[in-house]
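Protein chains in written order, with my numbering: chain L, 23 to 328; chain R, 12 to 532. Data first, discussion second: the structure below is written as structure tokens.
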Amino acid sequence: MGRYLARRLLAIVPVLFVLSLVSFTLIKLIPGDPAAVLAGINASPVDIGVMRHQMGLDRPLHVQYLRFVERAVAGDFGRSVRTTRPVRVEIAQGFSNTFQLATVSIVLATLVGLSLGCFAALRRYTIYDTLAMMTATLGVSAPVFWVGLMLIVLFSADLRLLPAAGNVGWASFILPAVALGLNSSGIIARMTRAGMVDTLSEDYVRTARSKGVTETAVVIRHALKNAMIPAITVLGLQYGYLLAGAAITETVFAWPGLGRLMVDSIGYRDYPVMQAGVLVVGVGFTLINLLADLGYAVVDPRIRYG
Amino acid sequence: MSSRSNFDAVLKTVVAVSLVVAVLGFPGAWVQTGTAFSAQRQVLRYVEGTDVTPIDPAYCVDTPTSSIIHLVYDNLVMFRAPDMQVVPDLATSWKIGADRKTWTFTLRSGVRFTDGTPANADAVVYSIERVANPKNASPYRTLFDEVASVKSLNDTTVQIITKDPYPSLLDALGQVGGGIVSPTAAKPYEADPRRFGEHPVGSGPFEVRSWVPGQQTVLVRNPDYWGKPPALDEIDWRGVPDASVREAMVKSGEADIIAKAPIQDLNALRKVPGIKVLAESSMYMVNIELNNQAKPLDDVRVRRALNYAINKEAIVKDLLFGYGRVNDSPLPFGVQFRVALTPYPYDPAKAKALLAEAGASKFTLNLWAPHGRYMQDSQIGEAVANYLQAVGITVKYRVWEWAPYMQALNAPDRMALLLGRATPGTDFTMTRQYSKTAWNLYNIGLFYDPQVEKLIAEARIEFDEGTRAKLYAEAQRRVWEDAPYIFLDNQDQLYALRDTVHGFQTLPDEFVYLEGVHIGQ
């Protein structure tokens, strides 16, 4: 297991390298000059030129890339063009807020999704199954910005129960987590149901029942673990996706997360933040997938890594 | 056996941890939304559409942050409501020498920055030089183009000598770029001056307690402020991008004031108990700036025809929901010496006739507009495109994202660009937009009329207000007849406030006077 972990962690390095190269090049291809955006509409071309020089944008591309890599390896991603704060600080703030929201969302989505999926599987082929899966489909199909706005209108503006925007305390997690988690819970529900239906028809389940084990125990202790393998795959992917910063939800709820940071940076052509952001998201995604793989080992004793 | 206990263990741990976190976090569940106002502390929650950028007079280019700059820093002089008149701020009085180029400003004595250092003449000199220094690449560098030298004669006297007689010096000093910073606080950042915004130090009615971009900026009352102390103890300033969400916040009481209230919901908002709506004229004028050197736009008949072809009243009524007015001057609303002229009426027949006369009945026009920068910008662009098609012009309409649009402003094949401008200061606006000296700088329309040029140059050095007024009036009339733009509209600035907020005022340049606000029943 230790060697496996070490191999997997080492494999992140080439991934990072390719990511940095690709993101650096692609970002430079986007039209729009950050020096001009920063200088504003009333600046003269001379001032914009000075700013370009200060930002190092007048050097040849490969020189810019090497400087970037040199500093990145030392942990210095430069300063945000938009806020002048170190990119490290911007990304850390964004990531921390997104991490909190994504984790709450995925926990919520998992609880709801697993329960719904199990419920549907236990009552498979009945009307309850159909209704449950319809709910799951609705969750997947509802556009997140609409759901978010509707939640805000109802719970903030009309009922005054919950805050509309920002990370201002644990109550402010509820609406964005529901909006974000809705999508994931639908997917997890469907995968869980599928896995459960398969598992419940297995021989060992029949054996457990005939041994006199209660239905609840059968479901939770025996069937669920195995049914969860496809769900874990999906969970991992969903969590990774959420960690990349659900930009739309974060914009609607003014959540100071990574997604919103990336969107704002793109609008501003804030290259340093964009480049660091892509790297962070890449690493995050890779680590999540690693966790998911490890999760299989927890759930299924047949799976061993060496 | 081991896998079962593994799994159970994981499950139990997760559940236990969540419960503990939820219970521990309960007391801090939610920041008070202040449905009842506290007599103890006056805290104003102000919500804008964008985040606060570095709070530095030399580098702030967005309007909302400019309001914060005015709250945190003093200038020598400031603009005041309601009509943008210039009044003393850090300077108590000034004298202009017989050569009309030497200005002597007397400063208030005993003023200190919030870091304790004196806000004296040296600080004024430092601040102005910081902006004017080309190495610092400040977007406001050209504000002080006319300044030949700035010196401190003693602690409370600043002498500014201009290159030519320049009555607009006061306009320059009152703008954001004229904010006075603490040299002690700014000096450590001289190698990278843009970083001063991380630790802003001024001498204004408020100081910055914390600035976390993306989350919130907290301003607190400056206890050592030399002027009338503001009633507010604290201002919590946040940026929430979605207008509907801002609306929800003011309705629920989570925000006391929201800026840029959604225009389509304003009439409904007015009827909500506990909320009042404020629609004030803004200096922002939105026009279609035409490339006066591109055929056939170089023919004044064609440019006038384009003006006759658009139903501007309809645009204001239907796209701006009445929150604006048809532009009736080349100068923005609220600027000194502005005269109201007659807008080109909607007359498509006349437009077609003029086009025929100029031999331009059928030509292709590139019409460009940004999206999301100004109120209803791309929608207005579309409407204009339709009106122009209706008089026989083939319109190639393109919507741009803001960052590439800024570069498109100087593209050689530009023909018609939708742009919003608001520059306080008559001379600045006339020079920037209508003078040949600003060709390929701000005068992207490449407009040039030798008569107008002469008038601008004369008015710029004329100290007598009556004469200046006449010169600018004539210049405006000529520019209006030359129709370098399709003149469109002046927008309103839209705010929604809770009933408990009193004393809220704004200026046409969208500077919000929070120092006069108090919260009460």
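The beta-carbon is built from N, C-alpha and C at its ideal position, and this holds for glycine as well. These numbers were taken from a predicted model, which means no experiment stands behind them.
Chain L contact for P150 (chain R) (CB, 8 Å cutoff):
Counting from one through the second sequence, the residue named residue 150 (chain R) turns up at place 139. By this cut-off, P150 (chain R) is an interface position.
Residue from R:D329, R:D67, R:P68, R:S77 with nearest C-alpha to V523 (chain R):
On the second sequence, position 512 is the one that residue 523 (chain R) refers to. Of R:D329, R:D67, R:P68, R:S77, the residue nearest in Cα terms is R:S77.
Inside the segment 66 to 149 of chain L only - alpha helix (DSSP H) runs reaching at least 4 residues:
67 to 76, 83 to 95, 109 to 144
Do A159 (chain R) and I172 (chain R) have their C-beta atoms closer together than 8 Å?
As a working mapping, residue 159 (chain R) is identified with position 148 in the second sequence. As a working mapping, residue 172 (chain R) is identified with position 161 in the second sequence. Yes; because the gap between Cβ atoms is below 8 Å, this pair is in contact.
Go ahead and label T152 (chain L) buried or exposed: buried means 16 or more other beta carbons lie within 10 angstroms of its beta carbon, across all protein chains shown.
Reading the first sequence from its first residue, position 130 is the one you call residue 152 (chain L). Exposed.
Is the CB of Q444 (chain R) under 8 Å away from at least one CB in chain B?
Note that chain B does not occur in the displayed structure, where the protein chains are L and R.
Can you pull the DSSP bridge partners for I171 (chain R)?
By 1-based counting over the second sequence, the position of residue 171 (chain R) is 160. Per DSSP, R:W114, R:V161.
Any idea what DSSP makes of M156 (chain L), helix, strand or coil?
On the first sequence, position 134 is the one that residue 156 (chain L) refers to. M156 (chain L) falls in the helix class under three-state DSSP.
Could you tell me which of L:F167, L:A142, L:P165, L:S163 sits nearest to M155 (chain L), measuring between CA atoms?
Against the first sequence, residue 155 (chain L) aligns to sequence position 133. With distances taken between Cα atoms, M155 (chain L) lies closest to L:A142.
Is there at least one Cβ from chain R nearer than 8 Å to D151 (chain L)'s Cβ?
Position 129 of the first sequence holds residue 151 (chain L). Chain R contact via Cβ: absent.
R228 (chain L): buried (16+ other C-beta within 10 angstroms of its C-beta) or exposed?
Reading the first sequence from its first residue, position 206 is the one you call residue 228 (chain L). The residue in question, R228 (chain L), is exposed, as its Cβ has fewer than 16 Cβ neighbours within 10 Å.
Which runs of the beta strand (DSSP E) at least 3 residues long sit entirely within the segment 484 to 520 of chain R? Give them in chain order.
496 to 509
Which residue from R:F439, R:A270, R:V283 puts its Cα closest to that of T517 (chain R)?
The residue given as residue 517 (chain R) occupies position 506 in the second sequence. Among R:F439, R:A270, R:V283, the Cα nearest to that of T517 (chain R) belongs to R:A270.
Between L:V91, L:A96, L:S66, L:R104, which lies nearest to T61 (chain R) when the distance is taken from Cα to Cα?
To locate residue 61 (chain R), count along the second sequence from 1; it is residue 50. Measuring from the Cα of T61 (chain R), the nearest candidate turns out to be L:R104.
Pick helix, strand or coil for A272 (chain R), following the three-state DSSP scheme.
Position 261 of the second sequence, counting from 1, holds the residue named residue 272 (chain R). In this structure, A272 (chain R) counts as coil in the three-state DSSP scheme.
Going by the C-beta, is R257 (chain R) closer than 7 Å to any heavy atom of the ligand NAD?
You won't find the ligand NAD in this model; it holds no ligand whatsoever.
Pick helix, strand or coil for M12 (chain R), following the three-state DSSP scheme.
Along the second sequence, read from residue 1 onward, the residue named residue 12 (chain R) stands at position 1. Any answer about M12 (chain R) is weak, because its pLDDT of 43 lies below 50 and its placement is not dependable; what the coordinates show is given next. Coil.
Strictly by DSSP, which residues pair up with H529 (chain R)?
The residue you call residue 529 (chain R) lines up with position 518 of the second sequence. Looking at the DSSP assignment, H529 (chain R) forms a beta bridge with R:H513.
D73 (chain R) - DSSP class collapsed to helix/strand/coil:
Counting from one through the second sequence, the residue named residue 73 (chain R) turns up at place 62. In this structure, D73 (chain R) counts as coil in the three-state DSSP scheme.
List the whole-angstrom C-beta distance separating F550 (chain R) from P354 (chain R), where the pair is believed to meet the contact cut-off of C-beta under 8 Å.
Shown here, chain R extends from 12 to 532; a query on residue 550 (chain R) therefore has no answer.
Chain-ordered chain R contacts of V175 (chain L) [CB-CB under 7 Å]:
Taking the first sequence and counting its residues from 1, the one referred to as residue 175 (chain L) is at position 153. Chain R residues near V175 (chain L): A259.
Do E473 (chain R) and R479 (chain R) come within 8 Å of each other at the CB atom, strictly closer than that value?
Taking the second sequence and counting its residues from 1, the one referred to as residue 479 (chain R) is at position 468. Taking the second sequence and counting its residues from 1, the one referred to as residue 473 (chain R) is at position 462. Yes; because the gap between Cβ atoms is below 8 Å, this pair is in contact.
Could you please give me the residues that DSSP links to E476 (chain R) through a beta bridge?
Position 465 of the second sequence, counted from the start, is the residue given in the question as residue 476 (chain R). Its beta-bridge partners do not exist; DSSP assigns none.
S21 (chain L): contacting residues in chain R (beta-carbon distance under 8 Å)
This structure leaves residue 21 (chain L) out entirely; chain L is present only between 23 and 328.
Give me the DSSP bridge partner(s) of I299 (chain R).
Within the second sequence, the letter at position 288 stands for residue 299 (chain R). I299 (chain R) pairs with R:L429, R:I497.
Beta-carbon neighbours of V72 (chain L), restricted to chain R and to distances below 8 Å
If you number the first sequence from 1, residue 72 (chain L) lands on position 50. Result: P145, K146, A148.
How big is the Cα-Cα spacing for Y70 (chain R) and T442 (chain R)?
Residue 70 (chain R) sits at position 59 when you count from the first residue of the second sequence. Residue 442 (chain R) sits at position 431 when you count from the first residue of the second sequence. Straight-line Cα distance between these residues: approximately 22 Å.
Identified DSSP bridge partners for V219 (chain L)
Position 197 of the first sequence, counted from the first residue, corresponds to residue 219 (chain L). According to DSSP, which records beta bridges pairwise, V219 (chain L) is partnered with nothing at all.
If you reduce the DSSP assignment to three classes, tell me which class E209 (chain R) lands in.
The residue you call residue 209 (chain R) lines up with position 198 of the second sequence. Residue state, collapsed to three classes: helix.
Starting from the N-terminal side, write out each stretch of the alpha helix (DSSP H) that is 4 residues or longer and does not extend beyond the segment 258 to 282 of chain L.
269 to 274
Which of the three DSSP states is assigned to G234 (chain L) in this structure?
Within the first sequence, the letter at position 212 stands for residue 234 (chain L). G234 (chain L) falls in the coil class under three-state DSSP.
Check W105 (chain R) in the structure and name its three-state DSSP category.
The residue you call residue 105 (chain R) lines up with position 94 of the second sequence. It is a strand residue.
May I ask which residues mark the beginning and end of the beta strand (DSSP E) holding L230 (chain R)?
The count along the second sequence starts at 1 and reaches residue 230 (chain R) at position 219. It spans 227 to 232 - the beta strand (DSSP E) in which L230 (chain R) sits, taken as one unbroken run.
I think V63 (chain R) touches G250 (chain R), with their Cβ atoms under 8 Å apart; what is that distance to the nearest whole Å?
Position 52 of the second sequence, counting from 1, holds the residue named residue 63 (chain R). Position 239 of the second sequence, counting from 1, holds the residue named residue 250 (chain R). Right, the Cβ-Cβ distance comes to about 7 Å (below 8 Å), so this counts as a contact.
Amino acids of chain R, ordered along the chain, whose beta-carbon sits closer than 7 Å to that of D69 (chain L):
Position 47 of the first sequence, counted from the start, is the residue given in the question as residue 69 (chain L). By Cβ distance, chain R contributes A148, P150, R152.
Residues of chain R with CB under 8 Å from D55 (chain L), in chain order?
Locating residue 55 (chain L) in the first sequence gives position 33, where the first residue counts as 1. Going along chain R in sequence order, the residues near D55 (chain L) (Cβ under 8 Å) are A414, M417, Q418.
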